[in-house]
Amino acid sequence: MDRVLAYVGYRSTPRGAVLLGTARNEKATGGALRFSEDIGIDLGTATFLIYSKNRGLVLNEPSVIAMTRDTKEVMAVGEEAYRMLGRTPGNIVAVRPIKDGVIADDALTEKMIAMFLRKVQGSMGRMLGFNFKPQLMVGVPSGVTDVEKRAVLRAALNANAKRAFLIEEPLAAAIGAGLKIAEPVGSMIVDIGGGSTDVAVISLGGIVVSESLRVAGNEFDESIIRFVRRKHNLMIGDRTAEEIKVKIGAAMLLRPEDNLMAEVRGRDLLHGLPKTVSIETTDIIDALAEPVSKIAEGVKRVLEITPPELVSDIIDRGIVMTGGGALLRNFDELLRQATGIPVAVAENATEAVAVGTGMALEMIPILRHHLISSDNYLRR
Numbered sequence: 027m028d029r030v031l032a033y034v035g036y037r038s039t040p041r042g043a044v045l046l047g048t049a050r051n052e053k054a055t056g057g058a059l060r061f062s063e064d065i066g067i068d069l070g071t072a073t074f075l076i077y078s079k080n081r082g083l084v085l086n087e088p089s090v091i092a093m094t095r096d097t098k099e100v101m102a103v104g105e106e107a108y109r110m111l112g113r114t115p116g117n118i119v120a121v122r123p124i125k126d127g128v129i130a131d132d133a134l135t136e137k138m139i140a141m142f143l144r145k146v147q148g149s150m151g152r153m154l155g156f157n158f159k160p161q162l163m164v165g166v167p168s169g170v171t172d173v174e175k176r177a178v179l180r181a182a183l184n185a186n187a188k189r190a191f192l193i194e195e196p197l198a199a200a201i202g203a204g205l206k207i208a209e210p211v212g213s214m215i216v217d218i219g220g221g222s223t224d225v226a227v228i229s230l231g232g233i234v235v236s237e238s239l240r241v242a243g244n245e246f247d248e249s250i251i252r253f254v255r256r257k258h259n260l261m262i263g264d265r266t267a268e269e270i271k272v273k274i275g276a277a278m279l280l281r282p283e284d285n286l287m288a289e290v291r292g293r294d295l296l297h298g299l300p301k302t303v304s305i306e307t308t309d310i311i312d313a314l315a316e317p318v319s320k321i322a323e324g325v326k327r328v329l330e331i332t333p334p335e336l337v338s339d340i341i342d343r344g345i346v347m348t349g350g351g352a353l354l355r356n357f358d359e360l361l362r363q364a365t366g367i368p369v370a371v372a373e374n375a376t377e378a379v380a381v382g383t384g385m386a387l388e389m390i391p392i393l394r395h396h397l398i399s400s401d402n403y404l405r406r
């Protein structure tokens, strides 16, 4: 019998306090592996994740699809399509059908979901001898419109799901990070994804106050691209910008010796030839100052409208950060200084939403007033 265990603790690291625990699956040994048709999906702008309660994380690939320009025939999806970004011949284009956390292209999103589900079916369904028609729980940003909600639900159903639910991503992230969301106390989550940042205060199994910002990891990359172009007359791509961010990026410096350096290659805008320049962490801090500040201001705005009793809980329990953007070095410390509240990064920051969507399928009685079901919503 599988048991989903959640536990919370803190560990000190060079980056700062890190929230431990999150969610994990404990499987009984011996016997055949059981498989549930219920799976959770983090439909991210940058990354697409699928979580099964019996197998854990079964898919983690870029949210990219490659197709021919004329016939729209799909050539590749996920990691294979990501490698094509910026490198395709004239008749093939690689695109991200999810923008700012919501569907930008309904048809392509349906195809991408269907192809990823077929990948999971190939590795799990066929070997167990059944037609894979799952029940889905899909994470969406807070504040998405009715049109966007319907687009996600239709995409899920058209991708062969028997039923689909929507859950707000900060609620899913809190569940996946191991927070005790059903208790009558306040918890604050800051989920920084690829296309959007969700800031939410959660209590009694639901979101009390929240704000969704269309600034996140992709905006970090674009800010680095603009900075390098402005300072060095050098053109770099999205992948190079992301590599710089991961390698030497930071929200702030805590010690002078933490100022790292990296060589960056791109195209000289003056001469059109390849060129290499050196960039330091302080450069990246300057480049990211605006988007980082927008997120910090969003956190403070949510705190300002949070009921006093819940603010007191948050001061005691701290703020938890999830999402790939939470891994930007010293971002937790910057938020701590901006709010005066302890901040911790979830140990499974990049997977918290996906894990939470999967776990939420077993918490429907608790969460029923905070979920949207395809059975009811699409009949309106």
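In terms of the numbering used here, the sequence shown has 151 at position 125, counting the first letter as 1, and numbering is strictly consecutive.
The C-beta atom is built at its ideal place from N, Cα and C for all residues, glycine as well.
Computed from a prediction, not measured in an experiment: that's the story for all the values here.
Reduced DSSP secondary structure (H/G/I, E/B, other) of residue i
i, result
"L296", "coil"
"K137", "helix"
"A386", "helix"
"A208", "coil"
"A199", "helix"
"D28", "Residue confidence is low: D28 scores 35 on pLDDT, short of 50, so the model does not pin down where it sits. Its coordinate-derived value is still stated next. Residue state, collapsed to three classes: coil."
"R60", "Caution applies to R60, whose pLDDT of 41 falls short of 50 and renders its modelled position unreliable; the model cannot decide the point."
"S89", "coil"
"L69", "strand"
"L279", "coil"
"E14", "Lying before the first or after the last residue shown, residue 14 is absent from the chain, which here runs from 27 to 406."
"K125", "strand"
"I262", "coil"
"S400", "helix"
"K273", "helix"
Residue range of the alpha helix (DSSP H) that includes residue i
i, result
"D131", "Here D131 belongs to no alpha helix (DSSP H), and DSSP marks it neither H nor E."
Other residues of its chain near residue i: CB distance less than 6 Å, five sequence neighbours each side excluded
i, result
"G212", "V227, S229, L336, D339, I340"
"G42", "For G42, the predicted structure reports a pLDDT of 45, less than 50, and the residue's modelled location is therefore unreliable. A value from the coordinates is still provided. Excluding positions up to five away in sequence, the list reads D358, E359."
"N86", "L75"
"A352", "I218, V371, A375"
"K320", "V241"
"F307", "Before going on, a small fix: residue 307 reads as Thr here, not Phe. Correct list, in chain order: I274, A276, N285, L286."
Same chain, Cβ closer than 7 Å to residue i, five either side skipped, listed in chain order
i, result
"V170", "V128"
"A185", "E136, I139, A140, L143"
Same chain only: Cβ atoms within 8 Å of residue i, ignoring 5 sequence neighbours per side
i, result
"N117", "T94, R95, D96"
"V166", "L69, G127, V128, E174, K175, V178, L192, I193, E194, E195"
"V379", "D68, G70, L75, G165, E195, A198, A199, G202, D217, G219, T348, G349"
"E209", "S229, L230"
Cβ-heavy atom distance, residue i to the ligand HEM, below 7 Å
i, result
"D172", "Among the components modelled here there is no ligand, and therefore nothing to report on the ligand HEM."
Delimiting residues of the beta strand (DSSP E) encompassing residue i
i, result
"A177", "First-last for A177: 172-184, but that is the alpha helix (DSSP H), not the beta strand (DSSP E)."
"L192", "189-194"
"G324", "It is not in any beta strand (DSSP E) - G324 instead sits in the alpha helix (DSSP H) that spans 307-330."
"G165", "161-166"
Cross-strand partners of residue i (DSSP beta bridge)
i, result
"F3", "Examination of residue 3 is not possible in this model, given that the chain is present from 27 through 406 alone."
Runs of beta strand (DSSP E) lying entirely within the segment 206-259, each at least 3 residues, in chain order: As far as the segment 206-259 is concerned, its whole beta strand (DSSP E) runs of at least 3 residues are 213-218, 223-229, 232-239.
Unbroken alpha helix (DSSP H) runs of length 4 or more, entirely within the segment 335-396: which are they? DSSP runs (the alpha helix (DSSP H)) wholly in the segment 335-396: 357-365, 378-386, 390-393.
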